[in-house]
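Next up, the structure:
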């Protein structure tokens, strides 16, 4: 099968490597990279199957400037909520392609370990289950894939866990201990589920690979860019300096503002995200810990 990966960052490159095991795979990006089968955008769009792995905040601009629908089938591997429009990824893509020709990839998957061909399990979500099965068949045997119809749940989990990873990094950066991190992550899962309920996501999604699985991974390792952002914020480094030193995109930063705006708009209780946004806006991390611990919320 001919497949083109759009985006040659770490995640896009890892997906390209995995999909190349059983398929003829190409890769493209904004800038040339010395990778086998690197092609320009025009050549990539000649493929029927596309895997989109660019920065979520740039999805609309790329589609507007480059995409011409030619009965493409797309697997979206980007995770985030557009900060400017407050649109989920499916809403952005549905302006350009029919929902029956688009799927979404989620689940615990550090790019480095995928490149090392270590085993992992992922979820492909979409309205068209046959297309989900098709994309599933493209992956090598060290990646086990499941399918789901809960697009919104997968998107919310993939976006929200990056913000919670920032919070977890802050927790470890302050050396608050294992008890504190476990408490934070479990309450974060509750908060993520509460947010998802408003958008009618399925409960099982939050307990599976897309939800708890990806959250536990991203919130527990320095391999996570978002975790590293939080850890360095706890060291009193400026956000500007952290992002400059990171030299990679940390989706959780802009997504935090997007979730916060949606939560305010629809009056959804999101205390952890609220505090992360406050920190990103300059509030002291120690003050946020105090405010979270003194919260009046008692229901588990």
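In the numbering used here, the protein residues as written are 107 to 406.
Note that the Cβ used here is the ideal one computed from N, Cα and C, for glycine as well.
Asked	Found
Tell me the residue span of the beta strand (DSSP E) that contains residue 157.	155 to 158
Under a three-way DSSP split, which group does residue 308 fall into?	coil
Which word fits residue 267, buried or exposed, when buried means at least 16 other C-beta atoms lie within 10 angstroms of its C-beta?	buried
For residue 332, collect the residues of the same chain with a Cβ closer than 6 Å to its Cβ; drop the 5 residues on either side in sequence, then sort them by chain order.	268, 271, 272, 356 and 358
Grab me the residues of residue 344's own chain with a C-beta within less than 7 Å of its C-beta, minus the 5 sequence neighbours each way, in chain order.	none
Within the same chain, show all residues whose beta-carbon is closer than 6 Å to that of residue 323, passing over the 5 residues directly before and after it, in chain order.	214
Nearest to residue 145 by CA position, among 327, 227, 200 and 111, is which residue?	111
Which residue spans inside the region 199 to 266 form an unbroken alpha helix (DSSP H) run of at least 4?	217 to 221 and 235 to 243
Let's test the definition: count the other Cβ atoms within 10 Å of the Cβ of residue 380 and tell me whether it reaches 16, buried, or not, exposed.	buried
Output the distance between the C-alpha atoms of residue 174 and residue 129, rounded to the nearest integer angstrom.	23 Å
Can you list, in chain order, the stretches of the alpha helix (DSSP H) that have 4 or more residues and sit fully within the region 359 to 387?	377 to 386
Is the region 214 to 226 in contact with the region 271 to 285, if contact means three or more CB pairs nearer than 8 Å?	no
For residue 274 versus residue 255, is the C-beta spacing smaller than 8 Å?	no
Taking residue 184 as the reference, which of 192, 157 and 202 has the closest Cα?	157
Measuring straight from C-alpha to C-alpha, what distance separates residue 335 and residue 348?	6 Å
Could you give the distance in angstroms between the alpha-carbon of residue 229 and the alpha-carbon of residue 201?	24 Å
Looking at C-alpha atoms only, which residue of 165, 170 and 151 is the closest neighbour of residue 176?	151
Assess contact between the region 358 to 376 and the region 296 to 304, defined as three or more Cβ pairs (one per stretch) separated by less than 8 Å. Is contact present?	yes
With residue 110 as the anchor, note down where its beta strand (DSSP E) starts and where it stops.	108 to 112
Can you give me the C-alpha to C-alpha distance between residue 233 and residue 282, rounded to a whole angstrom?	42 Å
If you draw a straight line from the alpha carbon of residue 204 to that of residue 179, how long is it in whole angstroms?	9 Å
One question on the structure: do residue 165 and residue 198 come within less than 8 Å of each other, judged by their Cβ atoms?	yes
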